[in-house]
Structure formats: C-alpha cells, structure tokens
Amino acid sequence: MQSHFEYLRPSSTKEAVQMKIEFGQRAKYWAGGTDMTLRWRREIDRFSHCIDITYLTGLDNIEVEEDCIRIGALVSLSALERADQRHHLLKTLSDVTKLMCTPQTRTLATVGGNLSNASPAADLTPPFIAMDALAEITTEDGIRTVPMDQFFEGVNRTVVGDDLLSAIEIPLPESQHKVVKYHRIDRTIVDIALVNASTSLSADRSRTITRAGVALGAVAPIVIRSPAAERFLEGKSIDSVSESELEKVGEIASEDAKPISDVRASADYRRAMIKVMTARCIKDCIDELGGTIS
Amino acid sequence: MRIRLNVNGNAIELESATDRTLADVLREELGLIGVRVSCSEGECGSCTILVDGQPMTSCMMLVNQGEGKEILTIEGLGTPEDLHPIQQAFIEEQGFQCAFCTPGFILSAKAFLEENPNPTEDEVAFAMSGNICRCGAYPYIVRSVLNAAEKLQAGSSN
Ligand SMILES: Cc1cc2nc3c(=O)[nH]c(=O)nc-3n(C[C@H](O)[C@H](O)[C@H](O)COP(=O)(O)OP(=O)(O)OC[C@H]3O[C@@H](n4cnc5c(N)ncnc54)[C@H](O)[C@@H]3O)c2cc1C
Numbered sequence: 023m024q025s026h027f028e029y030l031r032p033s034s035t036k037e038a039v040q041m042k043i044e045f046g047q048r049a050k051y052w053a054g055g056t057d058m059t060l061r062w063r064r065e066i067d068r069f070s071h072c073i074d075i076t077y078l079t080g081l082d083n084i085e086v087e088e089d090c091i092r093i094g095a096l097v098s099l100s101a102l103e104r105a106d107q108r109h110h111l112l113k114t115l116s117d118v119t120k121l122m123c124t125p126q127t128r129t130l131a132t133v134g135g136n137l138s139n140a141s142p143a144a145d146l147t148p149p150f151i152a153m154d155a156l157a158e159i160t161t162e163d164g165i166r167t168v169p170m171d172q173f174f175e176g177v178n179r180t181v182v183g184d185d186l187l188s189a190i191e192i193p194l195p196e197s198q199h200k201v202v203k204y205h206r207i208d209r210t211i212v213d214i215a216l217v218n219a220s221t222s223l224s225a226d227r228s229r230t231i232t233r234a235g236v237a238l239g240a241v242a243p244i245v246i247r248s249p250a251a252e253r254f255l256e257g258k259s260i261d262s263v264s265e266s267e268l269e270k271v272g273e274i275a276s277e278d279a280k281p282i283s284d285v286r287a288s289a290d291y292r293r294a295m296i297k298v299m300t301a302r303c304i305k306d307c308i309d310e311l312g313g314t315i316s
Numbered sequence: 038m039r040i041r042l043n044v045n046g047n048a049i050e051l052e053s054a055t056d057r058t059l060a061d062v063l064r065e066e067l068g069l070i071g072v073r074v075s076c077s078e079g080e081c082g083s084c085t086i087l088v089d090g091q092p093m094t095s096c097m098m099l100v101n102q103g104e105g106k107e108i109l110t111i112e113g114l115g116t117p118e119d120l121h122p123i124q125q126a127f128i129e130e131q132g133f134q135c136a137f138c139t140p141g142f143i144l145s146a147k148a149f150l151e152e153n154p155n156p157t158e159d160e161v162a163f164a165m166s167g168n169i170c171r172c173g174a175y176p177y178i179v180r181s182v183l184n185a186a187e188k189l190q191a192g193s194s195n
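Chains L and V are the protein sequences, given in the same order.
For the first sequence, the numbering used here begins at 23 and goes up steadily by one.
For the second sequence, the numbering used here begins at 38 and goes up steadily by one.
Okay, here's the thing in structure tokens:
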C-alpha cells in the first residue's frame, strides 16, 4: 500500500534526534498530532518521514523540586490539568489548559507540541516566558538549555532545529514567592486566543518585587516580553502599587505590542486589550502574593 | 505495514498504509462505523474513542498510534439486549435527535463519569464541550449524563 510518509518509532530520545538529523527537512516529529494532523491534511507541512515520539519514555513526567519545576515535553494537556494540586504555579497552568482544545484533544495534545508549533497565540507560551522558564533541548550528544524568550524565531519556527525539545523548566528562586497569572480574549470555547497576556511576579520576604515577567501573545509574530513594564514593577513593594500604576503598566505593555489587524481582531482592539489584560494579570499576581492595591 | 490493535477486547492484526488515521482504519477495515468522522479536525468530537480509558479524537491519531493500547468504540459498550447504563440513560432522556454524534457523547460521558461519578450540571456541560450536536439536543444530553451518573452510582452501591 502506498503511503505519503514512512512511519518511524524511535525507542530513545537520542534515536529520535538521529532520525531527524538523517532526514532533516523531510522528517517531522509527531507528538499529540493535534497541530500536525491539520498541517499534514492541509499540506502546510510536506514530509516523507513521520517520527512518532509518543512512545518515548521518561518525557511525560512533572517533577516538583525545591529549586525548579520540570515538565516533560510529552506531558499531555490533560495531565497538566490534573497537576493543579502539586504547586500553585501548576494550578495556574492547569487553569490555562482548561481553556485549550477540547477534553478529548487535551488527552492527545502535549506541552512540547504547543511550544514547538510556535503559534503566536499559543496559550502556554506567555506563562512560560513570564516565569523565565527554560527549554531543555536534547541534541545528538547532550543537552542544551535555551531561555523560553529566545526559543522562538518566527511563526512556526523555533531554535530546536533537528534536535528535540525534551522538557521545560520553571526556576524557583530561593526565598522568593513566585506567582503567575494569565488572561486571554476569545470568542467562545474551542477557540484560539485573539490576544493573550501573562505576568509573573516574584517577591522576597520584605514584600519587594524582585522579578517581574510580562509576556504578550498574538501581538507580534512571536510571543514578546514587555521589558519596560517589567522594569516598572521591579523594586516596588507588593503593598504600594496603586490602581493608576496598574493602568500605567498596562499602557506601557500595550506600547510594546506590535499587533496586526486580521479576521480575528483589529490592531487597535488587540492593543486596548493588552492594556486591560496586563493590568488584570498583575492585580491577580499581587492578590495571590497577599499584597494590596493602594 | 502490519499493525496489531486491541479493539473492544479483541486482538486484531491488519495491513494498513502508515498515513491513515485510526478513525479511518476502525471504520473502513474493521467496520466499526459507530466511529463517526465529521470535521476531521478535532473540533466536533464525533470520532471520540477511549484509548486506555481516556477520550481521544481518533481522527487525529495515526493508525500506528493505536498499537499497545486498549481501544474502546461504541460497539464495545453494551449489547442491544443488555445496554450499558449510559446508553440506557440516553434513551430514557432522549439525549439525541439524529444520533450521529451520540457515540462520541456516550464515550466522552463514560470517561468523565469514571473520574467524576457525582457531577453537577455545569461540570457535565464542561465535560461535554468537546462534542458538538448539530441538532442542538444539549439540554437532553446533559440530563442523560446526570441520569447515567445516578444509574452508575446505584449500580455500584448494590
Ligand atoms: C480542536 C483544537 C483546539 C485547539 N485549541 C487550542 C487552544 O485553545 N490553544 C492552543 O494554544 N492551541 C490549541 N490547539 C492547537 C494544539 O492542540 C496545541 O498546540 C497542542 O498543544 C499541540 O501539541 P501536539 O502534541 O498535538 O503537537 P503536534 O501536532 O504533535 O506537533 C506540533 C509541532 O511541534 C513539533 N513537535 C512536537 N513535539 C516536539 C518536541 N518534543 N520537540 C520538537 N518538536 C516537536 C511537531 O513536529 C510539529 O511541528 C488546538 C487544536 C485543536 C485541534
């Protein structure tokens, strides 16, 4: 029987990478297949070799350590959804997954696939960037680590190349309380975000914001940070941010956004929503940290 | 390529091209036409099957990805003489009109009720959000799932 592609099932991550290197552009990794099925049927991706990575072992664990949370690339969205009790950062990620896909595609879809597909509207990308997460990439002879904000090159393009994204690590800095929040605008359930935003704040014992992460989605070809908004927040006390400063930081973020108008939303609308969502995310972060908006 | 599948408790070996979906093979090679294919894009949930107990859209799985797993389609649930309690509940509550989408709803409900045996109406609605009913029988479907929950609870306490 004639097939459009050959099916390969590597038995280790190393073998998977070797297969990818051997066939290069002609090969595609297949994880949950929830993006791949469409890209294959619509002939957006043409490939002669399909490397099924779903049978690889050891890539579907969530490990909560003292200094980091490690999420394997093959962790499904439904497994992430069920990890809500394991850490407060995972609680937010669990809530994010509930907005994604459908119950019976969340069982297939993986965290690594959501990131590797590199959609500017992907739901998991903004929280991971906001949390200063790191991509752990398996190469033929080892591992390299790339900060999530340097992982994306463009729409559907990442720095992974012929290597394999094996895990995502969220660092938990010592004696800091770190939180993350996410908001998105969509029309209905089972819809990708028209625009989305996530912020993460870390505070020390003196209730000072030591690190802020502000990530904006669907307002540029890749998910972007707003460094100006981050600097605005850092150094402030979680008890001293005022309503007008929340509004100000939203404005700063929306100035960093470079949205386009398309069928889903106008650029003006996206910019206006970035302002609102950034302020909401920060307010939610401050609430979770036990601070008060003055 | 030779492929070994375990479908509705039967071990099956068949020959298939590698670029076929599990949904297509279940329908066309095994005649399990209770696996309904409608949108082919993971949106409508008609092709929902249970793979190791988890609901999955079989239109987004390669046939090879069924290997080594327990696959359940609607044909493996109950018999006309001895319906599964969820099937019985859908009939009692008329949780369908044309019934094209019903196998997907029933299998989604099965996985959901195993995880949440005593759900609220809102929880049922959220759990069924990956299945589309073009006839719009949603209120009846929600009632069917709530009825099924009661039947299963009563069955397990006997
Ligand atoms: C009905 C439906 C609703 C959806 N809703 C949403 C939504 O609300 N929000 C959202 O963000 N997305 C949504 N998606 C998109 C998709 O489900 C997600 O992006 C999903 O997480 C992709 O994961 P996957 O495992 O299915 O990836 P796949 O389709 O298997 O792969 C996606 C891409 O990543 C590559 N890849 C996969 N794993 C790796 C790896 N470990 N290393 C390197 N490359 C890899 C593949 O080669 C491919 O290019 C939806 C899709 C469907 C069908």
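The beta-carbon is built from N, C-alpha and C at its ideal position, and this holds for glycine as well.
Got a sec, what are the start and stop residues for the beta strand (DSSP E) L/Y77 sits in?
Where L/Y77 is concerned, there is no enclosing beta strand (DSSP E), given that its DSSP letter is neither H nor E.
V/Q134 by DSSP, collapsed to three states: which one?
For V/Q134, the secondary structure class from DSSP, reduced to helix, strand or coil, is coil.
Bounding residues of the alpha helix (DSSP H) (the contiguous stretch that carries L/N136):
In the DSSP assignment, L/N136 falls within the unbroken alpha helix (DSSP H) covering V133 to S138.
Can you name, in chain order, every residue of its own chain whose Cβ lies under 6 angstroms from the Cβ of L/P32, other than the five neighbours on each side?
The residues A38 and M41, in chain order, have a CB closer than 6 angstroms to that of L/P32 in the same chain once the five nearest residues on each side in sequence are set aside.
Proximity to L/L115 [Cα-Cα], best of L/T124, L/T127, L/A101 and L/Q126
Measuring C-alpha to C-alpha distances from L/L115 to each of L/T124, L/T127, L/A101 and L/Q126 identifies L/A101 as the nearest.
L/H205 by DSSP, collapsed to three states: which one?
Looking at L/H205 - three-state DSSP - the assignment turns out to be strand.
From L/R253 to L/P281, what does the alpha carbon distance come to, in whole angstroms?
L/R253 and L/P281: Cα-Cα distance of roughly 22 angstroms.
Are the CB atoms of L/I308 and L/A275 within a distance shorter than 9 angstroms?
It is not a contact, given that the beta carbons lie outside the stated cut-off.
For L/P125, write down the residues that DSSP places opposite it in a beta bridge.
DSSP lists no partner for L/P125.
V/E107 bridges to which residues according to DSSP?
Beta-bridge pairing links V/E107 to V/N43.
Report buried or exposed for L/D74, applying the criterion of at least 16 other Cβ atoms within 10 angstroms of its Cβ.
Buried, because 16 or more other Cβ atoms sit within 10 Å of the Cβ of L/D74.
Alpha-carbon to alpha-carbon, V/L67 and L/M133:
Inspection of the sequence shows that residue 133 of chain L is occupied by Val rather than by Met. Approximately 33 angstroms between the Cα atoms of the pair.
Closest Cα partner of V/E78 within the set V/E160, V/M98 and V/L87:
Closest in alpha carbon position to V/E78, among V/E160, V/M98 and V/L87, is V/M98.
Would you call the stretch 120-127 of chain L and the stretch 220-232 of chain L touching, i.e. three or more CB-CB distances under 8 angstroms?
With a cut-off of 8 angstroms, the stretch 220-232 of chain L and the stretch 120-127 of chain L do not count as touching, because too few Cβ pairs lie within range.
Return no unless some Cβ of chain L is closer than 9 angstroms to the Cβ of V/F149.
V/F149 belongs to the set of residues whose beta carbon lies under 9 angstroms from a beta carbon in chain L.
Straight-line gap, L/L60 to V/G167 (C-alpha atoms, nearest Å):
One C-alpha to the other measures close to 17 angstroms.
Just mark V/G46 as buried or exposed, buried being the case when its beta carbon has 16 or more other beta carbons within 10 Å.
Exposed is the call here.
Report the option in V/I108, V/L144, V/F137 and V/D89 whose CA atom is closest to the CA atom of V/P122.
Ranking V/I108, V/L144, V/F137 and V/D89 by Cα distance to V/P122 puts V/L144 first.
With a CB to CB cut of under 8 angstroms and the five nearest residues on each side skipped, what residues in its chain are close to L/P142?
Cβ neighbours of L/P142 beyond the five flanking positions: V177, G239, A240, V241, A242, P243, I244 and V245.
Own chain partners of V/E104 with C-beta closer than 8 angstroms, once the 5 adjacent residues on each side are dropped
Excluding residues within five positions, the ones whose Cβ falls inside 8 angstroms are I40, R41 and L42.
For V/A185, return the contacting residues in chain L, with the cut-off set at a CB-CB distance below 8 angstroms.
Around V/A185, no beta-carbon contact reaches into chain L at under 8 angstroms, the shortest distance being about 16 angstroms.
Coil, strand or helix - V/G141 by DSSP
Reduced to three states, the DSSP call for V/G141 is helix.
When you compare only the Cα positions, how much space is there between L/P16 and L/M153?
This structure leaves residue 16 of chain L out entirely; chain L is present only between 23 and 316.
Neighbour flag for V/N168 against chain L, beta carbons, 9 angstroms:
By this cut-off, V/N168 is an interface position.
Could you spell out where the alpha helix (DSSP H) holding L/F45 opens and where it closes?
L/F45 -> alpha helix (DSSP H) spans T35 to F45.
Sort out for me which residues DSSP pairs V/L87 with in a bridge.
Per DSSP, the beta bridge partners of V/L87 are V/P92 and V/L109.
Confirm the yes/no value for this check: CB of L/I296, any heavy atom of ligand 1, distance under 8 angstroms.
Not under cutoff, so the answer is no.
Where does the unbroken beta strand (DSSP E) through L/A234 begin, and where does it stop?
Following the DSSP letters along the chain, one finds L/A234 inside the beta strand (DSSP E) bounded by residues I231 to G239.
How about V/D56: is its Cβ closer than 8 angstroms to a heavy atom in ligand 1?
In this structure, V/D56 has its CB at a distance of at least 8 angstroms from all heavy atoms of ligand 1.
With a CB to CB cut of under 7 angstroms and the five nearest residues on each side skipped, what residues in its chain are close to L/S138?
Closer than 7 angstroms at Cβ, skipping near neighbours: T180, V182 and L187.
Could you please give the first and the last residue of the uninterrupted beta strand (DSSP E) stretch that includes L/R92?
Its beta strand (DSSP E) spans residues C90 to G94.
For a test of your reading of the model: does the CB of L/K50 fall under 8 angstroms from any non-hydrogen atom of ligand 1? Yes or no.
Yes, ligand 1 has a heavy atom inside 8 angstroms of this Cβ.
Would you mind stating whether V/S155 and V/Q190 have Cβ atoms separated by less than 9 angstroms?
For the record, residue 155 of chain V in the displayed sequence is Asn; it is not Ser. Yes, these two residues count as a Cβ contact at 9 angstroms.
Boundaries of the beta strand (DSSP E) in which L/T56 is found, first to last residue
Run containing L/T56: none; DSSP gives neither H nor E here.
If the cut is a Cβ gap below 7 angstroms, which residues of chain L does V/A174 touch?
Per Cβ cutoff of 7 angstroms: no residues; V/A174 is ~18 angstroms from chain L at best.
Determine whether the Cβ of V/Q102 lies closer than 9 angstroms to any Cβ atom of chain L.
Yes, V/Q102 lies at the interface with chain L (some Cβ there is under 9 angstroms from its Cβ).
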